[in-house]
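K.L.:
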Amino acid sequence: MRLLLDTHIFLWVVADDRKLSKVARHLISEAEDVFVSSASIWEASIKAGLGKLEADVDQLVAAISASGFSELPVKAVHAARVRNLPDIHRDPFDRMLVAQAMHEPLRLLTVDGHLSGYTDLVTPV
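Quick note: the sequence shown uses numbering that gives the first Met the number 0, first residue 0, plus one each step.
1. Could you pull the start and end residues of the beta strand (DSSP E) that THR109 belongs to?
2. In chain order, what residues of the same chain have a beta carbon less than 6 Å from the beta carbon of ALA54, not counting five sequence neighbours either side?
3. Our contact map puts ALA38 next to VAL124 with C-beta atoms below 8 Å; I'd like the distance itself, whole angstroms only.
4. According to the Cβ coordinates, are ASP5 and VAL110 closer than 8 Å?
5. Helix, strand or coil for ASP145 per DSSP?
6. Take HIS125 and list the residues in its own chain whose beta-carbon comes closer than 6 Å to its own, dropping the five residues that flank it on each side.
7. With C-beta atoms as the reference, is VAL13 less than 8 Å away from ILE40?
8. Rounded to whole angstroms, what's the CA-CA distance from TRP11 to LEU19? Just pull it up for me.
9. Using 7 Å as the cut-off, classify the Cβ of GLU70 as near or not near the heavy atoms of the ligand ADP, replying yes or no.
10. Less than 8 Å between the beta carbons of LEU84 and SER36, yes or no?
11. Can you tell me which of ARG1, LYS21, ASP93, VAL33 puts its alpha carbon nearest to the alpha carbon of ALA62?
12. In whole angstroms, what is the alpha-carbon distance linking GLY67 and GLU31?
Structure below.
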């Protein structure tokens, strides 16, 4: 299985936070490939700049490869795919992650159950 982690899941992995469920930990450990979107780093960077998230964004970038994950860049085809998504969720970062998961294809591991309305590639944990 190939996974794309949503921003919360990635932050919890990096912090070894107990909010990360056993199911999520198992799926990540068993995955063939695990990706972190550059959109997640962008989101964390914005939230850190606004004081809504306490995180060292440079450490988050380094944590991608240190965790054995791969970075998934935002490509033009991902951005274009967002336009065809139904209006289920308004968060632009979550919509990008869904578009990336659908295009690649990857299973999107998320804590946001609302995203399940987009595709069966969304796996709420």
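Just so it is clear, CB atoms sit at the ideal spot from N, CA and C, and this is done for glycine as well.
Bear in mind the structure is a predicted one, so any value in this text is a computation, not a measurement.
P.N.:
Quick look at the numbers:
1. To locate residue 109, count along the sequence shown from 1; it is residue 110. First-last of the beta strand (DSSP E) with THR109: 106 to 109.
2. Numbered from 1 along the sequence shown, position 55 holds the residue referred to as residue 54. Non-local beta-carbon contacts of ALA54 in its own chain, meaning distances under 6 Å to residues more than five positions away in sequence, involve ALA43, ALA47 in chain order.
3. Here residue 38 refers to the residue found at position 39 of the sequence shown. Here residue 124 refers to the residue found at position 125 of the sequence shown. Not a contact, Cβ separation roughly 19 Å.
4. Working through the sequence shown from its first residue, we reach residue 5 at position 6. Working through the sequence shown from its first residue, we reach residue 110 at position 111. A contact, by the Cβ cut-off of 8 Å.
5. The question about residue 145 has no answer, for the chain in this structure spans 0 to 124.
6. Residue 125 falls outside the range modelled here, since the chain spans only 0 to 124, and no answer is possible.
7. Taking the first residue of the sequence shown as 1, we reach residue 13 at position 14. Taking the first residue of the sequence shown as 1, we reach residue 40 at position 41. No; because the gap between Cβ atoms is not below 8 Å, this pair is not in contact.
8. Here residue 11 refers to the residue found at position 12 when the sequence shown is read from its first residue. Here residue 19 refers to the residue found at position 20 when the sequence shown is read from its first residue. Their Cα atoms are separated by approximately 6 Å.
9. Within the structure as shown, the ligand ADP is missing, as the structure has no ligands at all.
10. Reading the sequence shown from its first residue, position 85 is the one you call residue 84. Reading the sequence shown from its first residue, position 37 is the one you call residue 36. The answer is no: Cβ separation not under 8 Å.
11. On the sequence shown, position 63 is the one that residue 62 refers to. Selected option, being the one with the closest Cα: VAL33.
12. Residue 67 sits at position 68 when you count from the first residue of the sequence shown. Residue 31 sits at position 32 when you count from the first residue of the sequence shown. Answer to the nearest angstrom: the Cα atoms are 11 Å apart.
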